[in-house]
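Undergrad:
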Amino acid sequence: MSIQDRLVADMKDAMRAGDKARVVVIRTTRAALQSAQLEAAKQRYDAAARAIEAQHAHDAEARDAALSAISADAHVALDQAAAEAVIAKEIKRRRDAAEIYHKASREDLAGQEEAEAAILEAYLPRQMSVEELRPAVADLIAELGLSGPSSMGKLMPALMERFKGRAEGRLLSQVARELLAGS
(Lines of atoms letter the chains of each structure in order from A and count residues from 1; the text may use other names and numbers.)
(Lines give C-alpha, C1' and ligand atoms only; values in the text may rest on other atoms or scores of the structure.)
Protein backbone atom coordinates (compact mmCIF):
# COMPACT_ATOMS: atom_id res chain seq x y z
CA MET A 1 0.00 0.00 0.00
CA SER A 2 1.46 3.37 -1.02
CA ILE A 3 1.88 6.26 1.37
CA GLN A 4 -0.91 8.18 -0.35
CA ASP A 5 -3.29 5.22 0.07
CA ARG A 6 -2.33 4.87 3.75
CA LEU A 7 -2.94 8.59 4.29
CA VAL A 8 -6.41 8.36 2.73
CA ALA A 9 -7.33 5.31 4.82
CA ASP A 10 -5.94 6.84 8.01
CA MET A 11 -7.76 10.12 7.36
CA LYS A 12 -11.05 8.26 7.03
CA ASP A 13 -10.36 6.41 10.28
CA ALA A 14 -9.42 9.67 12.04
CA MET A 15 -12.59 11.34 10.77
CA ARG A 16 -14.71 8.46 12.06
CA ALA A 17 -12.94 8.62 15.40
CA GLY A 18 -13.32 12.39 15.63
CA ASP A 19 -9.54 12.93 15.91
CA LYS A 20 -9.44 16.46 14.49
CA ALA A 21 -5.72 17.00 15.06
CA ARG A 22 -4.84 13.86 13.12
CA VAL A 23 -7.22 14.81 10.30
CA VAL A 24 -5.60 18.24 9.97
CA VAL A 25 -2.08 16.78 9.89
CA ILE A 26 -3.03 14.20 7.28
CA ARG A 27 -4.82 16.78 5.13
CA THR A 28 -1.85 19.15 5.14
CA THR A 29 0.48 16.27 4.31
CA ARG A 30 -1.73 15.14 1.45
CA ALA A 31 -1.72 18.73 0.16
CA ALA A 32 2.09 18.80 0.34
CA LEU A 33 2.23 15.49 -1.56
CA GLN A 34 -0.15 16.81 -4.21
CA SER A 35 1.92 19.97 -4.56
CA ALA A 36 5.08 17.88 -5.02
CA GLN A 37 3.24 15.72 -7.55
CA LEU A 38 2.23 18.80 -9.56
CA GLU A 39 5.76 20.18 -9.40
CA ALA A 40 7.15 16.86 -10.68
CA ALA A 41 4.63 16.89 -13.56
CA LYS A 42 5.64 20.46 -14.41
CA GLN A 43 9.33 19.52 -14.43
CA ARG A 44 8.64 16.51 -16.70
CA TYR A 45 6.64 18.70 -19.09
CA ASP A 46 9.30 21.43 -19.13
CA ALA A 47 12.07 18.91 -19.81
CA ALA A 48 10.10 17.36 -22.68
CA ALA A 49 9.34 20.82 -24.12
CA ARG A 50 13.04 21.81 -23.99
CA ALA A 51 14.01 18.59 -25.76
CA ILE A 52 11.40 19.16 -28.47
CA GLU A 53 12.44 22.77 -28.96
CA ALA A 54 16.07 21.72 -29.32
CA GLN A 55 15.19 18.92 -31.72
CA HIS A 56 12.88 21.02 -33.92
CA ALA A 57 14.64 24.39 -33.61
CA HIS A 58 14.45 25.12 -37.35
CA ASP A 59 10.98 23.73 -38.11
CA ALA A 60 8.26 25.74 -36.38
CA GLU A 61 5.37 23.53 -37.58
CA ALA A 62 6.98 20.32 -36.38
CA ARG A 63 7.91 21.97 -33.07
CA ASP A 64 4.34 23.21 -32.51
CA ALA A 65 2.87 19.81 -33.41
CA ALA A 66 5.25 17.99 -31.08
CA LEU A 67 4.64 20.46 -28.25
CA SER A 68 0.88 20.03 -28.53
CA ALA A 69 1.32 16.25 -28.32
CA ILE A 70 3.12 16.41 -24.94
CA SER A 71 1.04 15.00 -22.12
CA ALA A 72 0.99 17.18 -19.03
CA ASP A 73 -0.43 14.42 -16.85
CA ALA A 74 -0.33 15.68 -13.28
CA HIS A 75 -2.01 12.53 -11.96
CA VAL A 76 1.09 10.34 -12.11
CA ALA A 77 1.70 9.39 -8.49
CA LEU A 78 4.97 10.11 -6.77
CA ASP A 79 7.23 7.14 -6.25
CA GLN A 80 7.81 5.86 -2.72
CA ALA A 81 11.14 7.67 -2.27
CA ALA A 82 9.71 11.02 -3.38
CA ALA A 83 6.68 10.64 -1.11
CA GLU A 84 8.96 9.78 1.82
CA ALA A 85 11.09 12.83 1.05
CA VAL A 86 8.01 15.08 1.16
CA ILE A 87 6.90 13.61 4.49
CA ALA A 88 10.43 13.93 5.90
CA LYS A 89 10.40 17.59 4.85
CA GLU A 90 7.06 18.09 6.62
CA ILE A 91 8.45 16.46 9.78
CA LYS A 92 11.55 18.65 9.65
CA ARG A 93 9.40 21.75 9.19
CA ARG A 94 7.40 20.86 12.30
CA ARG A 95 10.48 20.07 14.38
CA ASP A 96 12.07 23.36 13.40
CA ALA A 97 8.87 25.19 14.36
CA ALA A 98 8.79 23.36 17.70
CA GLU A 99 12.38 24.41 18.37
CA ILE A 100 11.49 28.05 17.67
CA TYR A 101 8.45 27.79 19.93
CA HIS A 102 10.59 26.32 22.72
CA LYS A 103 12.99 29.25 22.45
CA ALA A 104 10.03 31.64 22.65
CA SER A 105 8.68 29.80 25.74
CA ARG A 106 5.54 28.74 23.89
CA GLU A 107 5.45 25.17 25.15
CA ASP A 108 1.81 24.68 24.10
CA LEU A 109 2.58 25.37 20.44
CA ALA A 110 5.86 23.43 20.61
CA GLY A 111 3.99 20.42 21.96
CA GLN A 112 1.44 20.65 19.15
CA GLU A 113 4.19 20.73 16.50
CA GLU A 114 5.98 17.78 18.11
CA ALA A 115 2.73 15.81 18.23
CA GLU A 116 2.16 16.47 14.53
CA ALA A 117 5.71 15.33 13.73
CA ALA A 118 5.10 12.14 15.71
CA ILE A 119 1.94 11.43 13.69
CA LEU A 120 3.87 11.78 10.43
CA GLU A 121 6.79 9.61 11.57
CA ALA A 122 4.50 6.58 11.30
CA TYR A 123 4.57 6.95 7.50
CA LEU A 124 8.35 6.74 7.20
CA PRO A 125 10.65 3.76 7.66
CA ARG A 126 12.05 3.42 11.17
CA GLN A 127 14.89 5.87 11.74
CA MET A 128 18.20 4.61 13.10
CA SER A 129 19.08 5.51 16.68
CA VAL A 130 22.32 7.11 17.83
CA GLU A 131 23.48 3.74 19.19
CA GLU A 132 22.93 2.12 15.78
CA LEU A 133 24.57 5.00 13.92
CA ARG A 134 27.81 5.25 15.92
CA PRO A 135 29.41 2.00 14.70
CA ALA A 136 28.19 2.51 11.12
CA VAL A 137 29.53 6.08 10.99
CA ALA A 138 32.81 4.95 12.58
CA ASP A 139 33.14 2.27 9.90
CA LEU A 140 32.58 4.83 7.15
CA ILE A 141 35.13 7.20 8.69
CA ALA A 142 37.67 4.36 8.76
CA GLU A 143 36.73 3.31 5.22
CA LEU A 144 37.29 6.84 3.90
CA GLY A 145 40.45 7.30 6.01
CA LEU A 146 39.24 10.52 7.60
CA SER A 147 40.26 12.06 10.91
CA GLY A 148 39.74 15.33 12.71
CA PRO A 149 36.92 17.84 12.59
CA SER A 150 38.22 19.33 9.33
CA SER A 151 37.02 16.17 7.54
CA MET A 152 33.32 16.96 8.07
CA GLY A 153 33.02 18.42 4.57
CA LYS A 154 34.14 15.13 3.00
CA LEU A 155 32.24 12.90 5.39
CA MET A 156 28.75 14.45 5.37
CA PRO A 157 27.94 13.86 1.66
CA ALA A 158 28.94 10.20 2.03
CA LEU A 159 26.86 9.88 5.20
CA MET A 160 23.81 11.52 3.63
CA GLU A 161 24.04 9.19 0.65
CA ARG A 162 24.54 6.02 2.70
CA PHE A 163 21.86 6.75 5.32
CA LYS A 164 19.32 8.55 3.13
CA GLY A 165 15.84 7.94 4.52
CA ARG A 166 17.16 6.00 7.50
CA ALA A 167 18.62 8.82 9.61
CA GLU A 168 18.20 12.57 9.91
CA GLY A 169 20.99 14.82 8.71
CA ARG A 170 21.11 16.61 12.05
CA LEU A 171 21.66 13.34 13.91
CA LEU A 172 24.27 12.16 11.40
CA SER A 173 26.13 15.44 11.80
CA GLN A 174 26.07 15.16 15.59
CA VAL A 175 27.43 11.60 15.57
CA ALA A 176 30.06 12.45 12.96
CA ARG A 177 31.28 15.47 14.97
CA GLU A 178 31.60 13.35 18.13
CA LEU A 179 33.54 10.63 16.35
CA LEU A 180 35.81 12.98 14.40
CA ALA A 181 36.56 15.03 17.53
CA GLY A 182 37.53 11.86 19.36
CA SER A 183 39.89 10.64 16.63
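Be aware that the sequence shown starts at 94, since it is given in my numbering, and climbs by one per residue. Heads up, the beta-carbon is just placed ideally off N, CA and C, and yes, glycines get one too. Source: prediction; values computed, not measured.
1) Using a threshold of 9 Å, state whether the C-beta atoms of Ala210 and Ile184 are closer than that.
2) Less than 9 Å separating the beta-carbons of Leu264 and Gln220?
3) How many angstroms separate the CA atom of Gly111 from the CA atom of Arg186?
4) If you run the structure through DSSP and keep just helix, strand and coil, what is Lys185?
5) Report, in whole angstroms, the separation of the C-beta atoms of Leu233 and Arg255, which I expect to be a contact under 8 Å.
6) So, are the CB atoms of Leu252 and Val230 less than 9 Å apart?
7) Quick one: what's got a C-beta closer than 7 Å to Val169's C-beta in the same chain, skipping five residues either side?
8) Inspect the CB distances between the stretch 152–160 and the stretch 196–209 and report whether three or more fall short of 8 Å.
9) Can you round the beta-carbon distance between Val223 and Val179 to whole angstroms, since I take them to be within the 8 Å contact cut?
10) So the alpha helix (DSSP H) Val118 belongs to, where does it begin and stop?
11) Check Ala170 in the structure and name its three-state DSSP category.
12) With distance defined between alpha-carbon atoms, name the residue in Leu217, Met249 and Thr122 nearest to Arg259.
TA: In this structure, then:
1) yes
2) yes
3) 25 Å
4) helix
5) 6 Å between Cβ atoms; contact.
6) yes
7) Ala134
8) Taking a cut-off of 8 Å for Cβ pairs, the stretch 152–160 and the stretch 196–209 do not touch, as fewer than three such pairs fall below it.
9) Not really, about 25 Å apart at Cβ, beyond 8 Å.
10) Lys113 to Gln148
11) coil
12) Arg259 has its Cα closest to that of Leu217, out of Leu217, Met249 and Thr122.
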